[in-house]
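**Q** This structure is in structure tokens; I'll ask about it shortly.
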Amino acid sequence: MVVANHPLASAAGMEMLAAGGNAVDAAVAALFMVTVVEPAMVGIVGGGAALIRTAEGEEVVIDGMCAAPMAAREDSFTPLGQSWPASAETVGRKNRIGAQAVAVPGNLAAWVHAVERYGRLSLADVLEPAISRARRGFVISPYLAFDIDQKLPDVLNDPGLREILAPGGEALGVGDRLVQADYAATLEVVAREGAGYLHGGAFGQAIADHMVAAGGFLTLEDLTAYEVIERAPVRTSYRGHEVIGVAPPCSGGVSVAEILNILQGYDLAALGYGSPEASHLIVEAMKIATADRDAHVGDPAFHEVPVARLISKAYAAERRAGIDPARATPLAAAHGSTESKNTTHVTAADGDGTIITTTQTINSTFGACVVVPGTGAMLNNYMYIFNPLPGLATSIAPGKRVTGNIGATIVTKEDRPIYALGLPGSYKIPSVVAQTLVNLIDHGMDVQEAAEAPRLFAKGPVVEVERGFDAALIPALRQMGHPAEPMDSIAGCMGAISFGQDGAMTGASCWRADGVPMGSGGGPARTGVTFWPDPDKRTKPA
1461 MVVANHPLAS
1471 AAGMEMLAAG
1481 GNAVDAAVAA
1491 LFMVTVVEPA
1501 MVGIVGGGAA
1511 LIRTAEGEEV
1521 VIDGMCAAPM
1531 AAREDSFTPL
1541 GQSWPASAET
1551 VGRKNRIGAQ
1561 AVAVPGNLAA
1571 WVHAVERYGR
1581 LSLADVLEPA
1591 ISRARRGFVI
1601 SPYLAFDIDQ
1611 KLPDVLNDPG
1621 LREILAPGGE
1631 ALGVGDRLVQ
1641 ADYAATLEVV
1651 AREGAGYLHG
1661 GAFGQAIADH
1671 MVAAGGFLTL
1681 EDLTAYEVIE
1691 RAPVRTSYRG
1701 HEVIGVAPPC
1711 SGGVSVAEIL
1721 NILQGYDLAA
1731 LGYGSPEASH
1741 LIVEAMKIAT
1751 ADRDAHVGDP
1761 AFHEVPVARL
1771 ISKAYAAERR
1781 AGIDPARATP
1791 LAAAHGSTES
1801 KNTTHVTAAD
1811 GDGTIITTTQ
1821 TINSTFGACV
1831 VVPGTGAMLN
1841 NYMYIFNPLP
1851 GLATSIAPGK
1861 RVTGNIGATI
1871 VTKEDRPIYA
1881 LGLPGSYKIP
1891 SVVAQTLVNL
1901 IDHGMDVQEA
1911 AEAPRLFAKG
1921 PVVEVERGFD
1931 AALIPALRQM
1941 GHPAEPMDSI
1951 AGCMGAISFG
1961 QDGAMTGASC
1971 WRADGVPMGS
1981 GGGPARTGVT
1991 FWPDPDKRTK
2001 PA
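Next comes the structure, spelled out in structure tokens:
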């Protein structure tokens, strides 16, 4: 089973499984394809993380998060204000658009590492579908056309990006065919040379030269020094299930664990899905977890992250004691995050037991809106995630990895996989993952219902309520003291797989992006069976 945010990406993953690969090969093939067909969301010059469960039942986090270049400093950008949200923006948008917004990428190195260490196929095999589609092109969906239109001024401002998405100065639209010959050529060399083509090779040199000429921080030395890190996952229990998530610098594993630990003290099933009482408790748990995320979670190489305390049952009991079951609890406004919801997610599993759930991005739509001419590769703007104010866990420091909200999660029961899931959505990811698990475990939804279900999100005092809940919910939350507001959508497209006791898998996606689950069943012909008569015993036709 492969669930990706574009049908061509899911198909690329299925091709790897049919060719003898495993779930890791499938997921990485899907990710390379997404860089072609969903280029606004992810690229090889981006960052992300993956949670892998091997066929032997071991879990590991692959950290490919972007890092600040060594030339970057706490005061590299001038914020427009000293408090959120003005503090996130800087003079000239330099932390968001252009060369200074580009951080040291980790995606390509992490994907190659995953294939080489945990896959079965060669890198060339895994790249083949993406190379073919980049060269031959594909039809633009309304989702991608919307992204191009939204960023058109920045697209037109960069010659390399304009050549790809707005040839002749006119944006490509729904039904147009997007061909990326330069990017196909770049991927062909990656297939031969591996991650070294970017991290120290000619591709990296071209990017570094472009950055220096444009006043950016990224150098070839930064690219050469980058290392993929394998980390132990974050674990908690929830109503007899083990919930396994990604570790810092990603905040998702910690935040999901904290939310669930707090909610474990309530009978949510009895309160009912979408009830004001249950929604209030979920919102309060979210507010606590996001506040703790802002205060404590960062790159553990630069900042002590109290993971054990934040995910402990005792700490959850302390925090739960401060919740009024009938009224909103005042909390200071959260710092917020400039991480973009424009991300992608892939979940894949094979019949031998390998599972991968992985979230990847170039951060904002089309990243820094920079393409080095002749490469076709879109560069990240991960410097935008760092807080430009000094003295915080998420402030800029040379070599520090960004703090992303990736919530890739695997759930087991009695050491048997039950669910694997994740989604794009920036700051909202952990809250949505926790809600989805509540829907599955407490409310007994199937995996498709849980992926589709309306969502809540709380950041500080503000509560967002996705349209689709009972109309009485927003007034009820307001009566409890929550400034609740309706939203068309919250976070991105869930990619989930559930596992039955008989080994069957069910994949689920939702309406919030171009997500498509694809699966295969059956298998090779049964051995020991005569399918064709002995040629010597065939009778001639009359």
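When you line the sequence shown up against this note's numbering, it's residues 1461 to 2002, in that order. We put the CB at the ideal spot given by N, CA and C, even for glycine.
Taking the alpha carbon of Glu1549 as the point to measure from, which residue in Pro1984, Val1599, Phe1846 and Pro1890 has its own alpha carbon closest?
**A** Of Pro1984, Val1599, Phe1846 and Pro1890, the residue nearest in Cα terms is Phe1846.
**Q** Leaving out the 5 sequence neighbours to the left and right, which residues in its chain are closer than 7 Å to His1670 when beta-carbon positions are compared?
**A** Cβ neighbours of His1670 beyond the five flanking positions: Val1832.
**Q** Ser1582: which of Lys1611, Gly1654, Val1767 and Pro1613 sits nearest, CA to CA?
**A** The option with the nearest alpha carbon to Ser1582 is Gly1654.
**Q** In chain order, what residues of the same chain have a beta carbon less than 8 Å from the beta carbon of Ala1546, not counting five sequence neighbours either side?
**A** Excluding residues within five positions, the ones whose Cβ falls inside 8 Å are Pro1539 and Leu1540.
**Q** For the segment 1716 to 1801, which segments carrying the alpha helix (DSSP H) assignment without a break, of at least 4 residues, lie completely within its bounds, in sequence order?
**A** 1728 to 1731, 1736 to 1756, 1767 to 1770 and 1773 to 1781, all fully within the segment 1716 to 1801.
**Q** Can you tell me whether Arg1927 is buried or exposed, with buried defined as 16 or more other CB within 10 angstroms of its CB?
**A** Answer is exposed; the Cβ neighbour count stays below 16.
**Q** From what residue to what residue does the alpha helix (DSSP H) around Val1650 run?
**A** Note, Val1650: alpha helix (DSSP H), Ala1641 to Glu1653.
**Q** Quick check: what's the CA-CA separation for Ser1536 versus Pro1848?
**A** Cα-Cα distance, rounded: 8 Å.
**Q** In whole angstroms, what is the alpha-carbon distance linking Phe1492 and Ile1783?
**A** Near 45 Å, if we compare the C-alpha coordinates of Ile1783 and Phe1492.
**Q** Counting beta carbon pairs with one atom in the segment 1860 to 1875 and one in the segment 1751 to 1763, are three or more of them shorter than 8 Å?
**A** The segment 1751 to 1763 is in contact with the segment 1860 to 1875.
**Q** Could you pull out every residue in the same chain whose Cβ sits closer than 6 Å to the Cβ of Gly1983, ignoring the five residues on either side in sequence?
**A** Correct list: empty, nothing qualifies.
**Q** Would a C-beta distance cut-off of 8 Å place Thr1750 and Asn1721 closer than the cut-off?
**A** Contact flag unset, no.
**Q** For Met1461, which of helix, strand or coil comes out of DSSP?
**A** Met1461: coil per DSSP, three-state reduction.
**Q** Report all residues from its chain with a CB closer than 6 Å to the CB of Ala1808; omit the five preceding and five following residues, and keep chain order.
**A** Hits under 6 Å: Val1462, Gly1473, Ala1483, Ala1486, Ala1487 and Ile1816.
**Q** CA-CA distance, Gly1713 and Gln1640?
**A** Rounded to whole angstroms, Gly1713 to Gln1640 spans 36 Å at the Cα level.
**Q** Using beta-carbon positions only, say whether Glu1909 and Ile1950 come within less than 8 Å of one another.
**A** Contact flag unset, no.
**Q** Contact check, Asn1555 vs Ala1561 under 8 Å by CB: the rounded distance?
**A** Contact holds; Cβ gap of about 6 Å.
**Q** Identify every residue that forms a DSSP beta bridge with Val1893.
**A** Paired residue(s): none; Val1893 is not in a bridge.
**Q** Where do the ends of the alpha helix (DSSP H) carrying Ala1472 lie?
**A** Ala1472 -> alpha helix (DSSP H) spans Pro1467 to Ala1478.
**Q** Run through DSSP, which three-state label would Ile1512 get?
**A** Correct three-state label for Ile1512: strand.
**Q** Hey, quick one: how far does the alpha helix (DSSP H) through Asp1669 stretch, first residue to last?
**A** That run of the alpha helix (DSSP H) goes Ala1662 to Ala1673.
**Q** Is Leu1933 helix, strand or coil when you go by DSSP?
**A** Leu1933 falls in the helix class under three-state DSSP.
**Q** If you follow the alpha helix (DSSP H) that Ile1600 is in, where does it begin and where does it stop?
**A** Note, Ile1600: premise wrong, no alpha helix (DSSP H); not H, not E.
**Q** At which residues does the alpha helix (DSSP H) containing Gly1620 begin and terminate?
**A** Segment Pro1619 to Leu1625, the alpha helix (DSSP H) holding Gly1620.
**Q** In whole angstroms, what is the alpha-carbon distance linking Val1703 and Gly1834?
**A** Going from the Cα of Val1703 to the Cα of Gly1834 covers about 44 Å.
**Q** Just list the residues that DSSP pairs Asp1523 with in beta bridges.
**A** DSSP, once it has assigned bridges, lists Ala1509 and Ile1689 as partnering Asp1523.
**Q** Under 8 Å between the Cβ atoms of Arg1972 and Gly1955?
**A** No. Outside cutoff.
**Q** Residues in its own chain within less than 7 Å of Arg1779 by CB, not counting five upstream and five downstream?
**A** Excluding residues within five positions, the ones whose Cβ falls inside 7 Å are Ile1722 and Ile1748.
**Q** Leaving out five residues on either side along the sequence, give the residues of the same chain with a beta carbon under 8 Å from the beta carbon of Gly1579.
**A** Contacts found: Gly1481, Asn1482, Val1484, Asp1485, Val1488 and Val1586.
**Q** Excluding sequence positions up to five away, which residues of its chain have a Cβ less than 8 Å from the Cβ of Thr1814?
**A** Once the five neighbours on either side are set aside, the close Cβ partners of Thr1814 are Asn1482, Ala1483, Val1484, Ile1512, Arg1513, Thr1514, Ala1515 and Tyr1578.
**Q** Taking the alpha-carbon of Gln1820 as reference, which of Cys1526, Leu1632, Glu1475 and Ile1856 has the nearest alpha-carbon?
**A** Residue Cys1526 is the option with its Cα nearest to Gln1820.
**Q** Looking only at its chain, what residues have a beta carbon closer than 6 Å to the beta carbon of Leu1683, apart from the 5 residues adjacent to it on each side?
**A** So the qualifying residues of the chain are His1659 and Gly1664.
**Q** So which of Leu1625, Ala1471 and Gly1524 has the shortest CA-CA distance to Glu1588?
**A** Checking every option, the nearest Cα to that of Glu1588 belongs to Ala1471.
**Q** Which of helix, strand or coil does DSSP assign to Glu1874?
**A** In this structure, Glu1874 counts as coil in the three-state DSSP scheme.
**Q** How is the alpha helix (DSSP H) around Val1494 delimited, first residue to last?
**A** From DSSP, the alpha helix (DSSP H) with Val1494 extends over Ala1483 to Val1497.
**Q** State buried or exposed for Ala1880, treating a residue as buried only when at least 16 other CB atoms are found within 10 Å of its CB.
**A** Burial call: buried.
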